[in-house]
Amino acid sequence: MRLFLLPVSTRRTLIYCERVQEAVQGAPQPISERIINKASQTWAQWEKAERGWQKKLTVYGNQIFMRIPYEEWGLKSIPPATKRKLQDVDEGKIRFECLYPGAFMKQHKVSEILQRLATERQAFHKKKMWTSLAWIPATLPFAVVPIVPNIPFFYLCFRAYSHFRALYGGRLLEHLVRKGLVTTTDSQQMDELYAAGLLHPSREGSRGAPRPSEDVIQTVAGIVEAQTNGGKEDVMMLQRWNGKLIAEDFHLPEMEIEIERAVEQVEQAIKQKDELAEEKKEVMEAKVHETEKVDDSKR
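Throughout the sequence shown, residue numbering follows this note's numbering, covering 18 to 316 in sequence.
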């Protein structure tokens, strides 16, 4: 299996695991997979509705999906740490390769980043999983409404399962890192895609341009490093439109939405941080100005 370490900014990284079909020929799909596939098909049908509660539900639902932290989606893409999966990993039946853009991410930091991504949210997902499960009985009275499905029930089930997948995806990643079972690969292909995304203002311009040379890649990486002001500033390294190009280049269409979601959330986080810093600066300047006025009046 391939893991992708995708630095969204100089401080925030998305992890994504390539989905691999593991079903044995002729064997039925696991129940969880069948439920997910059925829910996805139903959701897609509701999205096609022109009006009605199904359409409204999918509009609001998709907005909620975009607000779920990209870190959670990334961990969910990793297979859960079931007993069988851990055994297969330890026996070498499943191997993991981690691709990363070496020009934009130092090799010695890869294992550190993987370890952090694997462990930093485990306590949070465990708590939220049990909280969602605890609230499910409270939604059962909504089942008496015959027209609309029990939305609170299905939402809590989804959130409980989502936190479960993120928790156990993180545990599998932690197991892999702890036992040194991840092969890390400096991907020239990712370097080219990152540099192209930073060089060109649009997807069309990037798609039609020749691949950046090694010298150009190193120049772009140097500019990004300089913009961090010695690590003090968080600088974006992915554009929202670049997600489609990366997904296309690796033939992983489902990766596109993950990158777009991560970029949107990180951009918003950086914007809010900058606005807060500016607000604090203005308050401080106002206090200094007020102090100076008081001092002048005393003279």
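We treat Cβ as the ideally placed atom computed from N, Cα and C, and that holds for glycine.
Three-state class that DSSP yields for residue 298 in the structure shown: helix
Backbone secondary structure at residue 111 - three-state DSSP: coil
Own chain residues within Cβ distance below 7 Å of residue 258, not counting five before or after: 219, 220
Selected residue, minimal CA-CA separation from residue 143, among 192, 110, 181: 181
One or two residues paired with residue 263 in a DSSP bridge: Residue 263 pairs with nothing; no bridge assigned.
9 Å Cβ cutoff met for residue 86 and residue 203: no
Environment of residue 91 [buried if 16+ CB atoms lie within 10 Å]: buried
Reduced DSSP category for residue 40 - H, G, I as helix; E, B as strand; rest coil: Residue confidence for residue 40 is low, a pLDDT of 47 falling below 50, so the modelled location carries little weight and cannot support an answer.
The beta strand (DSSP E) enclosing residue 24, as first and last residue numbers: 19-24
Buried versus exposed call for residue 41 [16 or more other C-beta atoms within 10 Å across all chains shown]: Caution applies to residue 41, whose pLDDT of 45 falls short of 50 and renders its modelled position unreliable; the model cannot decide the point.
Burial state of residue 272, where buried means 16 or more other Cβ atoms lie within 10 Å: buried
Inter-residue spacing [alpha-carbon to alpha-carbon] between residue 27 and residue 248: 8 Å
Selected residue, minimal CA-CA separation from residue 225, among 214, 235, 234, 231: 214
Straight-line Cα distance separating residue 36 from residue 187: 16 Å
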